[in-house]
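For the protein sequence lines, the chains are A and B, in the order given. Letter by letter, the first sequence follows residues 88 to 294 of this note's numbering. Letter by letter, the second sequence follows residues 88 to 294 of this note's numbering. Here a beta-carbon is modelled for each residue, glycine too, at the ideal position from N, C-alpha and C. Bear in mind the structure is a predicted one, so any value in this text is a computation, not a measurement. Taking it in order: structure first as structure tokens, then the write-up.
2 protein chains.
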Amino acid sequence: MAGDFRRAHRSAPAAEGKEKPEGGEASPDIGTRLRELRKMHGLSQRELAKRAGVTNGTISLIEQNRISPSIGSLKKVLDGFPMSIADFLTLDLKPRSRVFYEAKELREIAGGDVSFRLVGRDTRGRAIQMMHERYTPGADTGEEMLSHAGEECGIVISGVLELTVGGEVRRLVAGDAYYFDSRLPHRFRNPGTIDCVIVSACTPPSF
Amino acid sequence: MAGDFRRAHRSAPAAEGKEKPEGGEASPDIGTRLRELRKMHGLSQRELAKRAGVTNGTISLIEQNRISPSIGSLKKVLDGFPMSIADFLTLDLKPRSRVFYEAKELREIAGGDVSFRLVGRDTRGRAIQMMHERYTPGADTGEEMLSHAGEECGIVISGVLELTVGGEVRRLVAGDAYYFDSRLPHRFRNPGTIDCVIVSACTPPSF
DNA sequence: GCCATTCGTCTAGAATACTAAACGCCTTCA
DNA sequence: TGAAGGCGTTTAGTATTCTAGACGAATGGC
Chain A
88 MAGDFRRAHR SAPAAEGKEK PEGGEASPDI GTRLRELRKM HGLSQRELAK RAGVTNGTIS
148 LIEQNRISPS IGSLKKVLDG FPMSIADFLT LDLKPRSRVF YEAKELREIA GGDVSFRLVG
208 RDTRGRAIQM MHERYTPGAD TGEEMLSHAG EECGIVISGV LELTVGGEVR RLVAGDAYYF
268 DSRLPHRFRN PGTIDCVIVS ACTPPSF
Chain B
88 MAGDFRRAHR SAPAAEGKEK PEGGEASPDI GTRLRELRKM HGLSQRELAK RAGVTNGTIS
148 LIEQNRISPS IGSLKKVLDG FPMSIADFLT LDLKPRSRVF YEAKELREIA GGDVSFRLVG
208 RDTRGRAIQM MHERYTPGAD TGEEMLSHAG EECGIVISGV LELTVGGEVR RLVAGDAYYF
268 DSRLPHRFRN PGTIDCVIVS ACTPPSF
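As structure tokens, this is what we get:
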């Protein structure tokens with residue numbers, strides 16, 4: 088009955104080449120996940136076992152998918168990193184997209200008086216949209232207030248920013264910051280005589 | 088050794104009034120979570136057991152935290168809803184308000200060689216945590232790699248940043264940026280001779 | 001070469017999870 | 001009133017996980 092998840096293990100230890108529980112888990116199986124994560128942290132089975140308070144044999148068996156660990160023991164093992172079970176199961180090991188971006192690679196979205204340069208080429212599948220923004224003197228996102236789902240925040244790097252949020256207007260200078268619910272109508276304007284540069288982030292991505 | 092997580096169960100079934108494994112799990116324990124979720128779905132232990140392909144006794148024992156289910160059987164149980172283990176372990180919510188922050192209001196979190204200045208006083212209930220960070224020459228988040236839930240990104244404003252993510256090392260200069268899954272082990276270091284300033288954002292907040 | 005370490009794996013036996021089948025309590029219906 | 005069925009709980013026994021220790025292979029002195 089136990090069936091498809093567990094494997095016979097006191098007998099032939101993997102007759103055929105199969106490793107993964109067939110229909111089962113998400114992307115990589117538990118064992119492979121654990122092994123890769125452990126290696127990323129540069130730990131041996133024994134080191135991890137000591138931190139976690141289990142034996143190295145347990146780590147070995149889990150990594151080979153010879154056993155399906157209990158929640159309790161898996162938690163103990165992951166505490167050795169530390170990492171929660173939920174994170175462990177959702178961590179994306181493989182298609183480690185891109186991490187580093189040179190300044191010239193930031194994709195220009197707007198252009199003209201307002202420059203929005205996006206971190207990363209594509210926001211799909213991402214939780215944050217970060218941009219390097221530059222407003223020329225007088226530049227303005229428009230009288231028509233913006234509003235969309237999510238939350239956004241930013242820090243002024245240089246120049247002066249006039250920010251309107253939900254009817255409230257404020258002038259921010261270098262080092263000042265903001266954080267608001269994007270559903271509140273908002274507007275960005277550069278009332279100064281030099282460029283205004285800010286770094287902003289919003290979630291979820293709106294482009 | 089097995090120790091703190093499991094409870095004696097063939098004997099006195101909870102001498103004192105305690106229910107939760109003391110130091111252990113996150114918010115609600117596994118058993119309570121399962122029970123509440125099951126009731127939200129309007130299922131009896133037997134119904135869920137039948138859908139899941141386990142016995143009602145198993146559901147009962149899990150809900151009482153008398154056993155710590157194996158990953159395999161917990162998965163089978165949750166398939167009865169259906170719901171993933173990761174989702175199961177992460178259920179929750181909250182509120183908030185305040186928009187503008189002067190530079191001096193950004194709350195200093197670290198101090199010393201590394202300065203983290205947080206946008207907003209409190210990140211609870213927020214989706215993004217944005218910080219103005221400054222690393223003095225040689226400053227380092229440490230050999231022991233960081234790793235926590237979520238995604239993070241940033242842009243270098245000035246100076247040079249040496250960033251290590253999942254074993255890959257890279258030097259970033261003003262205008263360069265990064266974006267990665269925070270659960271990958273990572274490290275920030277200023278290898279230059281002047282302060283390195285960056286603006287970062289991560290979600291969800293980790294402080 | 002040889003010893004000392006460290007690595008991942010494997011095995012016997014102890015500890016734990018899980019099943020099948022009861023139990024007691026309750027409600028419903030005849 | 002009693003039979004029938006649903007509920008969550010408990011128990012005895014089986015299946016699985018987990019520990020302690022040993023194994024062979026690889027590595028680094030010396």
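Closest Cα partner of residue 249/A within the set 262/A, 227/A, 266/A
227/A
Give a yes or no on whether the C-beta atoms belonging to residue 261/A and residue 217/A are separated by under 7 Å.
In this structure, residue 217/A does not lie closer than 7 Å to residue 261/A by Cβ.
Three-state class that DSSP yields for residue 259/B in the structure shown:
The three-state secondary structure of residue 259/B, taken from DSSP, is strand.
Indicate whether at least one CB of chain A lies closer than 7 Å to the CB of residue 205/B.
no
Compute the distance between the beta-carbons of residue 155/B and residue 155/A, then report whether it is under 7 Å.
no
Taking the alpha-carbon positions, what's the residue 127/A to residue 284/B distance?
28 Å
Would residue 173/A pass as a contact of residue 176/B if the rule is Cβ separation under 7 Å?
yes
In the segment 123-155 of chain B, which residues sit with their C-beta less than 7 Å from some C-beta in chain A, listed in chain order?
155
Using 8 Å as the Cβ pair cut-off and three pairs as the minimum, do the segment 162-169 of chain B and the segment 130-142 of chain B touch?
Result yes; three or more Cβ-Cβ pairs closer than 8 Å.
Can you give me the C-alpha to C-alpha distance between residue 215/A and residue 282/B, rounded to a whole angstrom?
26 Å
For residue 286/B, count neighbouring Cβ atoms within 10 angstroms of its own Cβ and tell me buried if that reaches 16, exposed if not.
buried
Judging by CA-CA distance, which residue of 161/A, 129/A, 142/A, 274/A is the nearest neighbour of residue 118/A?
It is 161/A whose Cα lies nearest to the Cα of residue 118/A.
Less than 6 Å between C-beta atoms, sequence neighbours within five positions excluded: which residues of the same chain meet that for residue 263/A?
243
Which residues in chain B have a C-beta closer than 9 Å to the C-beta of residue 178/A? List them in chain order.
268, 270, 271
From this set, 150/B, 277/B, 129/B, 196/B, which residue's C-alpha is nearest residue 245/B's C-alpha?
277/B
Just tell me which of 207/A, 238/A, 203/A has its CA closest to the CA of residue 85/A.
Beyond the ends of chain A as shown, which are 88 and 294, falls residue 85/A; an answer cannot be given.
Quick one: what does DSSP say residue 203/B is sitting in, helix, strand or coil?
Residue state, collapsed to three classes: strand.
Would you identify the three-state DSSP class for residue 269/B, choosing helix, strand or coil?
coil
Beta-carbon neighbours of residue 117/A, restricted to chain B and to distances below 7 Å:
158, listed in chain order.
Using a C-beta cutoff of 7 Å, does residue 286/B count as contacting chain A?
Taking 7 Å as the CB threshold, residue 286/B lines the interface with chain A.
Once DSSP output is grouped into helix, strand and coil, what is the label at residue 244/A?
strand
Assign residue 225/B to buried or exposed, taking buried as 16 or more other Cβ atoms, counted over all protein chains shown, within 10 Å of its Cβ.
exposed
When the cut-off is 7 Å and only beta carbons count, does residue 223/B lie next to chain A?
no
Cutting at 6 Å between CB atoms, please list the residues of its own chain near residue 200/B, excluding the five before and the five after it.
223, 226
Since residue 238/A contacts residue 290/A with CB under 8 Å, what's their CB separation in whole angstroms?
Contact flag correct, Cβ pair sits at about 6 Å.
Tell me which same chain residues have a C-beta within less than 8 Å of the C-beta of residue 240/A, skipping the five on either side of it?
264, 265, 266, 267, 287, 288, 289
Please identify the residue among 159/A, 164/A, 122/A whose C-alpha is closest to the C-alpha of residue 140/A.
164/A
Output yes or no for whether 7 Å exceeds the beta carbon distance between residue 178/A and residue 150/A.
no
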